[in-house]
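Numbering (the numbering used here), first residue to last: 349 to 506. Just so it is clear, CB atoms sit at the ideal spot from N, CA and C, and this is done for glycine as well. Here the structure comes first, spelled out in structure tokens, and everything after it is commentary.
Dropping the structure here:
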């Protein structure tokens, strides 16, 4: 097993020095979902939620969050992201909304945290905008699905 890279020899938290790493194209995708009552999903999809366009607002919040990850997660590097996409799809089987985010850059460190942050904030925004009608919504299954680039290479959830 690899050692934790954010801990120094004494066990203290520190920011990893990525200065000597090679710039590579790095892409990460994460996903999650918001489970809700069928009526809540219907309300969101119809565009009749009291706070407005839930899906559009949540997508924008996720993109903005990816760009602010280093402000939220103490040891993350500030990154110049080249692309952030957030997809929100209805899933009547949940019932609810499935969220996925893909983040890309050319740089020295990966973008898994940015993809996870985008998904998390997208889900939180969906909850915030619909909580007046469904306080029992559940945010679930947030995970990295894949990452490419860097020294450790490509990885995909099986």
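Nearest Cα to residue 443 within the set 369, 385, 366 and 492: 385. Contact annotation, residue 495 with residue 460: C-beta distance approximately 6 Å; criterion of less than 8 Å satisfied. It is roughly 31 Å from the alpha-carbon of residue 406 to the alpha-carbon of residue 364. Between residue 379 and residue 446, the gap from beta carbon to beta carbon is short of 8 Å.
For the stretch 377-406, the full-length alpha helix (DSSP H) segments reaching 4 residues or more read 386-394 along the chain. Here residue 469 is near residue 409, since their CB atoms are less than 8 Å apart. At the C-beta level, residue 497 and residue 374 come within 8 Å of one another. Residue 409 has no beta-bridge partner at all, per DSSP. Counted as a single uninterrupted DSSP element, the stretch harbouring residue 437 is not any alpha helix (DSSP H) but the beta strand (DSSP E) occupying residues 431-439. About 4 Å separates the beta carbons of residue 451 and residue 462, which is inside the 8 Å limit, making them a contact pair. Shown here, residue 442 sits in coil according to DSSP, grouped into three states, outside any helix or strand.
Residue environment for residue 394: exposed (fewer than 16 other C-beta atoms within 10 angstroms of its C-beta). Bridge partners of residue 450 according to DSSP: 377 and 433.
In this chain, the alpha helix (DSSP H) harbouring residue 417 covers 417-420.
Under the three-state reduction of DSSP, residue 467 is assigned to helix. Relative to residue 486, the option among 472, 493 and 492 whose CA is nearest is 472.
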